[in-house]
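>
There are 2 protein chains.
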Amino acid sequence: MKNFTMSALALGLCFSAFAQEPVNSAAVQKIRAEGLDKSKAMDIAYHITDVAGPRLSNSPGLKRAQDWALKYFNEIGLKNVHLEAWGEFGKGWQVDKYYAATTLPFYRPIIASPKAWTPGTNGPIKSEVILIKADTVTDLAKYKGKLKGKIIMIESVAIQPLKNSYAPDVVRFNDEALNNIMKPMEPRTGRPGQAGGNNQRAMMLRMMANRAAIDSVLLTEKIGLKLTYARGSYGTFFTSNGASYKLDAKPVSPELEVSSEDYLHILRLLRGGEKVEMEAEVKTSFYDKDPKGYNVIGEIPGTDPKLKDEVVMIGGHYDSWHSGTGATDNAAGSTVMIEAMRILKAIDFKPKRTIRIALWSSEEQGLFGSRGYVKEHFADPTDMVTKPEHAKLSAYYNLDNGTGTIRGVYLQGNAAVKDIFQSWLTPFEDLGAKTITINNTGGTDHQAFDGVGLPGFQFIQDPMDYNTRTHHSNQDVFDRLVEDDLKKSATIVASFVYHTSERAEKLPRKEMPKPQPPRQ
Amino acid sequence: MKNFTMSALALGLCFSAFAQEPVNSAAVQKIRAEGLDKSKAMDIAYHITDVAGPRLSNSPGLKRAQDWALKYFNEIGLKNVHLEAWGEFGKGWQVDKYYAATTLPFYRPIIASPKAWTPGTNGPIKSEVILIKADTVTDLAKYKGKLKGKIIMIESVAIQPLKNSYAPDVVRFNDEALNNIMKPMEPRTGRPGQAGGNNQRAMMLRMMANRAAIDSVLLTEKIGLKLTYARGSYGTFFTSNGASYKLDAKPVSPELEVSSEDYLHILRLLRGGEKVEMEAEVKTSFYDKDPKGYNVIGEIPGTDPKLKDEVVMIGGHYDSWHSGTGATDNAAGSTVMIEAMRILKAIDFKPKRTIRIALWSSEEQGLFGSRGYVKEHFADPTDMVTKPEHAKLSAYYNLDNGTGTIRGVYLQGNAAVKDIFQSWLTPFEDLGAKTITINNTGGTDHQAFDGVGLPGFQFIQDPMDYNTRTHHSNQDVFDRLVEDDLKKSATIVASFVYHTSERAEKLPRKEMPKPQPPRQ
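Line order of the protein sequences matches chains A and B. Numbering follows UniProt numbering, in which position 513 of the first sequence is assigned residue number 513; successive positions increment by one, without gaps. Numbering follows UniProt numbering, in which position 205 of the second sequence is assigned residue number 205; successive positions increment by one, without gaps.
Given below as structure tokens:
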């Protein structure tokens, strides 16, 4: 899941009761038996995380995982299995070596990670750590000629001592929380990011420009390594990128995102006037031979002569950040979707409509994989001119909120599907899945479909430790996956897909949205 | 705090009400003003943790911290400031370099630590990781000649997947928990460790003997590095020792205690038949020039001609484990005790009795510092023959349960002090300190005093994250210390010491215990 703010849509609609949407109980029984009792979810997740590793866009790790998915899709009998380019992404990148430790005032290994798309240190380095006090480039003048090869951190009042949390890291939704999700949310006023008004926005832009200017000077001064504070605690830290993935990206200095405890340790020592010495070695590799981005596609072809050209899609993004193995973000969602396909094949389902799975790439950089696919197949959101396939898609179901089991579904403001989904959830009330909300949720690939007027949905999932410990962290690893949750989710998705495929009509749609300005 | 099981003593006594123990409100006001409003606790803790570092017994880190304490004791005006040897400990040890990462199936740095007192790898090594399946030495025959220089782990059914905890990491005692502490605990039947009966004990001893025999073969085979599972999660792991600290300790193989996620990752891959390759480099140093162990001592001399030879002692252990900086175990307790002394000096207190602080060493290996001191000054627990100083000690107060503020005190079965302590706690009810329990608590240095019939007490403290995250972990660092808690505790201790010093009589004692068999 990308770092978007959750958005909301309040339609003020009343749901009208209409004829009960049919549920095929025999099919549900078969799906439950396969999904809950013969699950392969943990095997699938193991290959995506433990074996393939981190799956940063266009990295060798993503390639390994894509190769495995192609193989597995064929093994379980999917058709039309292929990698499909969605457009140009840029460079792949991976860490080949990370080592850092303080050597003064005492030896302590540092829990950290190179920021994505940053260069290495060009061999082992060792230096005093210099605390740079500079709010603007002008303040940097005093450091001129003194920073070459040095390890540096930048003083900031924004970096505060850690505070204890007295709340659990891992949580499930209780009824109260689910009821809150059901309440229509107030529409936002103003544009996101403008909450504090123009003054605050201007201040932030000025600060960002200052930082960029400072980084540019540090590059010219040829610093050895920059240390940056990483959110998190107790050995967990959250990662991000330190440079652009674009082929023509500007060069940057080597940069480590340092776990809060290790960063604050060094910072307190430097603020206290102690001499801190560090040694480090970082090696990273860039991959630019094929800058195109790819999604993995596979199908269970439709069998109804009139409906087989129509499509039900499921998917989740397959790419991850680099410091964990992207287990909850989003091997979990990918696993559930792959397992749902496996379940449907295992019960020998011959769907009326074609069922298609897509494992997106470059979601983390802006939903690029799904947006590229949607533009190619369905419609360009900048002009809303639709292609023929637009009329053929019944629904797209997405999963990308961690390991937590499905507790319901966001309608994305599409009130007409409420009673349909309510019926389809009925056989899974015993699994805790019963909540339907008119609200929408953002941050991931169903938005690419929703954005061009196609029914695209993301399920409600138990939060677990997604927001506290795993989302983009070094601790987003296999151990965070809960087998029982993945099994339940895959079973529910398989049943939703089954019923979407067999339904007399495609799912009802919202009105077509207005064309959107092109994204930067 | 050492890893002892908490023990209990139920005396079945009724507390009788007797004359109200006096409290000097003016003194309490001064102590509160200094301790709560002008605290130096965080400065003190900073020097013990951030600057001095890990303080394993007889390591250079402990030496740095001891040197700082001597200097600070003099600065705040303590007298008779000195290091005092308590007996022979053995070797010091520290980590000079730690680096390890998987290189196949992909690169991932490993969060781990050398086990204390284990040797290094003698330079960088790189090898396939071998999963040894051997319950006995006989099973090792098939590996003969194949393990030289190799990185190994030993298969064990005891290693299970991680389970989510839905409880908070950081907790404070609520009234219910405090009430439970107040309930007299049932005396234990049988000896500790025999809960499962002789069969279980015999099985455990057999398993331990098997492990030792296997380790001995691995040493002969000259393995490169052994990986061991470390308890913990999310980047936190708990450490221990991998060899003896004694001068004549048997040699062992290099050994890493590996965070659960990284260990389980490798284990799953090896169980799944994947090839795992690792690179590592570990350097450690041993220090055996001076095998004696030392405590840091300082005093505020008594001023009453009749009482100045009598002593009130406070203390806490100063040594720590090696993978963190021993912040909650036990820079916290040491800080509180040092700060209590500082408060008493700052208010220019001229005590009737002498007030003495001791910062013990080698608590983690068996309360050696305090036991050695007690044997030298007060009595030998093996014969209970007392020395003259035994009659002169009023009380010893200890702190060693993390950063959590004092919530009350354990009486260690000494019912006669109940009403005294109740009065002394009264001015601190607003700080949440009000609980008196007849129960005892174990695991730390007050036991050395209690064991020879001297009034030795440990306070009740809020648990915070001591049991979940910090006790002997790599994350036991400065960030875990809560200033407000340390301030409150130091204030309460200073007031207890004040009143103990000024009291007409020494604190009442329990009966002298029977001589104890010598410890191994």
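Cβ coordinates follow ideal geometry from the N, Cα and C atoms, glycine included. All values reported here derive from a predicted model rather than from experimental measurement.
Going along chain B in order, which residues have a C-beta closer than 8 Å to the C-beta of A/Leu269?
On the first sequence, residue 269 of chain A is found 269 positions in, with the first residue counted as 1. Chain B residues near A/Leu269: Asp50, Val51.
> Using the Cβ count rule (16 or more neighbours within 10 Å means buried), how would you classify B/Gln160?
On the second sequence, residue 160 of chain B is found 160 positions in, with the first residue counted as 1. Classification for B/Gln160: exposed.
> My assumption, with CB atoms under 8 Å, is that A/Leu100 sits in contact with A/Ala230. Please give the rounded CB distance.
As a working note, residue 100 of chain A is residue 100 in the first sequence. As a working note, residue 230 of chain A is residue 230 in the first sequence. The amino acid occupying residue 100 of chain A in the given sequence is Ala; Leu does not appear at that position. Going by Cβ atoms, the distance from A/Ala100 to A/Ala230 rounds to 13 Å, so no, they are not a contact pair.
> If we count Cβ pairs, one from each stretch, closer than 8 Å, do we get three or more for the stretch 279-293 of chain B versus the stretch 87-106 of chain B?
Segments in contact, yes.
> What separation, rounded to the nearest whole angstrom, lies between the Cα atoms of A/Gln458 and B/Ile44?
As a working mapping, residue 458 of chain A is identified with position 458 in the first sequence. As a working mapping, residue 44 of chain B is identified with position 44 in the second sequence. Distance between the alpha carbons of A/Gln458 and B/Ile44: 52 Å.
> What is the rounded straight-line gap between the Cα of A/Tyr373 and the Cα of A/Lys222?
Position 373 of the first sequence, counting from 1, holds the residue named residue 373 of chain A. Position 222 of the first sequence, counting from 1, holds the residue named residue 222 of chain A. Taking the straight line from one Cα to the other gives about 41 Å.
> By a C-beta neighbour count over all protein chains shown, 10 Å radius and 16 as the cutoff for buried, is A/Ala141 buried or exposed?
Mapped onto the first sequence, residue 141 of chain A falls at position 141. A/Ala141 should be labelled exposed.
> Applying a beta-carbon distance threshold of less than 8 Å, which residues of chain A neighbour B/Pro161?
By one-based count along the second sequence, residue 161 of chain B stands at place 161. By Cβ distance, chain A contributes Asp479.
> Hey, is A/His265's beta-carbon within less than 8 Å of any beta-carbon in chain B?
Position 265 of the first sequence, counted from the first residue, corresponds to residue 265 of chain A. Closer than 8 Å: yes.
> Please check the pair A/Val51 and A/Val276, which I expect to be a contact at CB under 8 Å, by giving their CB distance rounded to whole angstroms.
Taking the first residue of the first sequence as position 1, residue 51 of chain A is located at position 51. Taking the first residue of the first sequence as position 1, residue 276 of chain A is located at position 276. That pair is no contact at about 39 Å.
> Taking Cβ positions only, does B/Thr228 come closer than 8 Å to chain A?
Against the second sequence, residue 228 of chain B aligns to sequence position 228. So no, B/Thr228 is outside the interface.
> So, helix, strand or coil for B/Val477, using DSSP?
To locate residue 477 of chain B, count along the second sequence from 1; it is residue 477. Three-state result, B/Val477: coil.
> Throw me the rounded Cβ distance for the A/Met337 and A/Leu264 pair, which I believe falls under 8 Å.
If you number the first sequence from 1, residue 337 of chain A lands on position 337. If you number the first sequence from 1, residue 264 of chain A lands on position 264. The pair is not a contact, with the Cβ atoms about 40 Å apart (cut-off 8 Å).
> If you reduce the DSSP assignment to three classes, tell me which class B/Leu486 lands in.
Position 486 of the second sequence holds residue 486 of chain B. Residue state, collapsed to three classes: helix.
> Check whether the stretch 80-87 of chain A and the stretch 207-221 of chain A are in contact - that is, three or more C-beta pairs closer than 8 Å.
No, they do not touch.
> Rounded C-beta distance between A/Leu454 and A/His390? I'm assuming under 8 Å.
Walking along the first sequence from the start, residue 454 of chain A turns up at place 454. Walking along the first sequence from the start, residue 390 of chain A turns up at place 390. A/Leu454 to A/His390, Cβ: 7 Å. Contact.
> How is the alpha helix (DSSP H) around B/His390 delimited, first residue to last?
As a working note, residue 390 of chain B is residue 390 in the second sequence. Run containing B/His390: none; DSSP gives neither H nor E here.
> Closest to A/Ser156 by CA distance: which of A/Ser240, A/Leu70, A/Ala33, A/Leu270 is it?
Walking along the first sequence from the start, residue 156 of chain A turns up at place 156. Nearest of A/Ser240, A/Leu70, A/Ala33, A/Leu270 to A/Ser156, Cα basis: A/Leu270.
> Under a three-way DSSP split, which group does B/Met512 fall into?
Locating residue 512 of chain B in the second sequence gives position 512, where the first residue counts as 1. B/Met512 falls in the coil class under three-state DSSP.
> Between the alpha carbons of A/Ser39 and A/Ala27, how many angstroms are there, rounded?
Taking the first residue of the first sequence as position 1, residue 39 of chain A is located at position 39. Taking the first residue of the first sequence as position 1, residue 27 of chain A is located at position 27. A/Ser39 and A/Ala27: Cα-Cα distance of roughly 17 Å.
> Taking Cβ positions only, does A/Ala141 come closer than 8 Å to chain B?
What you label residue 141 of chain A is simply residue 141 of the first sequence in a count that begins at 1. So, not an interface residue.
> For the stretch 100-111 of chain B, which residues have a beta carbon sitting closer than 8 Å to at least one beta carbon of chain E?
In the structure shown, chain E does not exist; the protein chains are A and B.
> In chain order, which continuous runs of the beta strand (DSSP E) of length 3 or greater are located wholly inside the stretch 117-154 of chain B?
Counting whole runs of 3 or more residues, the stretch 117-154 of chain B contains the beta strand (DSSP E) stretches 125-132, 151-154.
> Would you say A/Thr236 reaches chain B, if we count a Cβ-Cβ gap shorter than 8 Å as a contact?
Along the first sequence, read from residue 1 onward, the residue named residue 236 of chain A stands at position 236. Yes, A/Thr236 lies at the interface with chain B (some Cβ there is under 8 Å from its Cβ).
> Comparing alpha-carbon positions, which option in A/Asp288, A/Arg356, A/Gly326 lies nearest A/Lys308?
Taking the first sequence and counting its residues from 1, the one referred to as residue 308 of chain A is at position 308. Looking at the Cα atoms, A/Arg356 is the closest of the given residues.
> With A/Asn80 as the anchor, note down where its beta strand (DSSP E) starts and where it stops.
Start at 1 with the first residue of the first sequence, and residue 80 of chain A comes out as number 80. A/Asn80 -> beta strand (DSSP E) spans 79-88.
> Report the residue from A/Lys506, A/Leu162, A/Thr403, A/Ser127 whose alpha carbon sits nearest the alpha carbon of A/Met464.
Here the question's residue 464 of chain A lines up with position 464 in the first sequence. Out of A/Lys506, A/Leu162, A/Thr403, A/Ser127, A/Thr403 has the C-alpha closest to the C-alpha of A/Met464.
> Once the 5 residues before and after B/Gln29 are set aside, which same chain residues still bring their CB inside 6 Å of it?
Against the second sequence, residue 29 of chain B aligns to sequence position 29. For B/Gln29, where only same-chain residues beyond five positions count, there are no Cβ hits under 6 Å.
> In angstroms with no decimal places, state the Cα-to-Cα distance between A/Asn122 and A/Pro513.
Position 122 of the first sequence holds residue 122 of chain A. Position 513 of the first sequence holds residue 513 of chain A. Going by the C-alpha atoms only, they are around 50 Å apart.
> In the DSSP assignment, find the unbroken beta strand (DSSP E) run with B/Tyr98 in it and report its ends.
Along the second sequence, read from residue 1 onward, the residue named residue 98 of chain B stands at position 98. Taken as a continuous stretch (DSSP letters only), the beta strand (DSSP E) holding B/Tyr98 covers 92-104.
> So, with DSSP's three-state summary, where would you put A/Met464?
Along the first sequence, read from residue 1 onward, the residue named residue 464 of chain A stands at position 464. Strand.
> Are at least three pairs of beta-carbons, each pair with one atom in the stretch 63-79 of chain A and one in the stretch 242-255 of chain A, less than 8 Å apart?
In short, these stretches do not touch, since the Cβ pair count stays below three.
> Give, in chain order, every unbroken run of the beta strand (DSSP E) that is at least 3 residues long and sits entirely within the stretch 422-466 of chain A.
The stretch 422-466 of chain A contains these whole beta strand (DSSP E) runs: 435-437, 456-461.
> With DSSP as the reference, please indicate the residues paired to B/Lys283 in a beta bridge.
Stepping through the second sequence from its first residue, residue 283 of chain B is reached at position 283. Note: B/Lys283 sits in a beta bridge opposite B/Lys97.
> Checking contacts by CB at 8 Å: is B/Ser362 closer than that to chain A?
Walking along the second sequence from the start, residue 362 of chain B turns up at place 362. No, B/Ser362 lies away from the interface with chain A (no Cβ there is under 8 Å from its Cβ).
> Let me check one thing: in DSSP terms, what residues is A/Trp360 bridge-paired to?
Locating residue 360 of chain A in the first sequence gives position 360, counting from the first residue. A/His317.
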